[in-house]
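Below is one structure, written out as structure tokens; comments come after it.
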Amino acid sequence: MADEHVSVAEEEYLQAIFWLHEAGLPMTGANVARAMQLSPPTVHEMLGRLERDGYIVRAEDKSISFTEPGRVHAEGIVRRHRLIERFLTDVLGIPWDEVHEEAERLEHAMSPVLEARMLAAIGDATTCPHGHPINVGERDAGVPLADVDLGATLTVLRFENEAEEILHYLMASGIEPGMTGTLAQRTDDDVVIDVDGRQITLAANVAETVSVTADPSPPPRVALPEQLVISADRYGR
767 MADEHVSVAE EEYLQAIFWL HEAGLPMTGA NVARAMQLSP PTVHEMLGRL ERDGYIVRAE
827 DKSISFTEPG RVHAEGIVRR HRLIERFLTD VLGIPWDEVH EEAERLEHAM SPVLEARMLA
887 AIGDATTCPH GHPINVGERD AGVPLADVDL GATLTVLRFE NEAEEILHYL MASGIEPGMT
947 GTLAQRTDDD VVIDVDGRQI TLAANVAETV SVTADPSPPP RVALPEQLVI SADRYGR
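Position 110 (the sequence shown) corresponds to 876 in the numbering used here; numbering is contiguous.
So this is what it looks like as structure tokens:
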């Protein structure tokens, strides 16, 4: 039966599975392996452990679903992660491209008292500094920046790929959640956004991982798991 003695490794997997669910991607072992950059046998073994411990159920078609305790625990670890990121950025002044890995280390040992005090400290902030909702389930729909048509106005919602090296790249480019602009150029290699006369250039594969709202908007599409790597540094690699 699921209980509060979930291991750090199990919490990381629950977080990854929830991330697939939130992004609208199929919850399968193959996608977990792609997202976490782990081998399928390694993922298969841990999914079996999560199932035995009562956090997930696997169907005959290999799809994964949460049990109620699994969903609650996954939502909790995701919420704490995003809260820590916001606290580190807004209160401690750590740049937003440096807080994801710090939050990974801190989220597993966070007490309810500390969580409450962090919530008070961040005031009315509703997202992590990368644009993801702290209260999970309140995610705004977006489309990949790579799909936006020339001349369309856009607002940056969030960065789907929180691998540290991608966040460093995004920070250096000058883009950030909440920014508004116009799609000025799009080629097979890159996209260019005009923001009040300042041009921001992103490689096309990175633009694939930036969610925006746009007018006119391209058709909804979820980016591929291979391009939405949660982290570049995971267990056993």
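Quick reminder that beta carbons are idealized off the backbone N, C-alpha and C, glycines included. Being a predicted model, the structure only gives us computed values, none of them experimental.
If you drop the 5 nearest sequence neighbours on each side, which residues of the same chain put their C-beta closer than 8 angstroms to that of Glu776?
Excluding residues within five positions, the ones whose Cβ falls inside 8 angstroms are Met812, Arg815, Leu816, Asp819 and Tyr821.
On the CB-based measure, 16 or more other CB atoms within 10 Å of its CB, does His934 come out buried or exposed?
Counting Cβ neighbours within 10 Å, His934 comes out exposed, since fewer than 16 surround it.
So, is Glu778 buried or exposed, given that buried needs 16 or more other C-beta atoms within 10 angstroms?
So Glu778 counts as buried.
Could you tell me if Leu780 is buried or exposed, where buried requires 16 or more neighbouring beta carbons within 10 angstroms of its beta carbon?
Answer is buried; the Cβ neighbour count reaches 16.
Label Val972 either buried or exposed according to how many other C-beta atoms from any shown protein chain fall within 10 Å of its C-beta, with 16 as the threshold for buried.
Buried, by the Cβ-count rule.
Closest to Thr919 by CA distance: which of Ala980, Ile900 and Gly940 is it?
The residue with the shortest Cα to Cα distance from Thr919 is Ala980.
How would you call Leu854, buried or exposed, if buried means at least 16 neighbouring beta carbons within 10 angstroms?
By the neighbour-count rule (16 or more Cβ atoms within 10 Å), Leu854 is buried.
Quick check on Arg846: buried or exposed, where buried means 16 or more other Cβ atoms within 10 Å of its Cβ?
Buried, because 16 or more other Cβ atoms sit within 10 Å of the Cβ of Arg846.
What residue from Val774, Ser805, Val838 and Ser829 has the CA that sits closest to Thr794's CA?
When only C-alpha atoms are compared, the closest one is Ser829.
Going by CA-CA distance only, name the one from Val838, Gly947 and Leu858 that's closest to Asp915.
It is Gly947.
Specify the secondary structure class of Gly1002 as computed by DSSP and reduced to three states.
Note that Gly1002 scores a pLDDT of 31, beneath 50, so its modelled location is shaky; the value from the coordinates is reported in the next line. The answer is coil: DSSP assigns Gly1002 none of H, G, I, E or B.
If you draw a straight line from the alpha carbon of Glu826 to that of Ala799, how long is it in whole angstroms?
Rounded to the nearest angstrom, the two C-alpha atoms are 18 angstroms apart.
Compute the Euclidean distance between the alpha carbons of Met945 and Thr921, then round it to the nearest angstrom.
The straight-line gap from Cα to Cα measures roughly 6 angstroms.
Let me know the alpha helix (DSSP H) ranges lying completely inside the segment 938-995, each 4 residues or longer, listed in chain order.
With a minimum length of 4 residues, the continuous alpha helix (DSSP H) runs that stay inside the segment 938-995 are 970-973.
Between Pro986 and Val909, which are expected to be in contact by the criterion C-beta below 8 angstroms, what is the C-beta distance as a whole number of angstroms?
Going by Cβ atoms, the distance from Pro986 to Val909 rounds to 6 angstroms, so yes, they are a contact pair.
So what's Leu1018 in DSSP terms, helix, strand or just coil?
A question about residue 1018 goes unanswered here, because the residues of the chain that appear run from 767 up to 1003.
Looking at C-alpha atoms only, which residue of Glu930, Pro943 and Arg952 is the closest neighbour of Asp913?
Nearest C-alpha to Asp913: Arg952.
Please go through the same chain and pick out, in chain order, the residues whose beta-carbon is closer than 6 angstroms to the beta-carbon of Ala891, but skip the five residues on each side of it.
Taken in chain order, the residues that qualify are Arg852.
To the nearest angstrom, how far is it from the Cα of Asp863 to the Cα of Thr833?
So the two alpha carbons sit approximately 33 angstroms from each other.
Run the CB neighbour count on Gly897, radius 10 Å, all protein chains shown included, and call it buried at 16 or more, exposed below.
Result: buried.
How would you label Leu990, buried or exposed, when you count the other beta carbons within 10 angstroms and need 16 or more for buried?
Per the 10 Å Cβ criterion, exposed.
Measuring only the C-alpha atoms, how far is Val857 from Leu880?
About 14 angstroms.
Residues in its own chain within less than 6 angstroms of Ala840 by CB, not counting five upstream and five downstream?
Once the five neighbours on either side are set aside, the close Cβ partners of Ala840 are Leu780 and Phe784.
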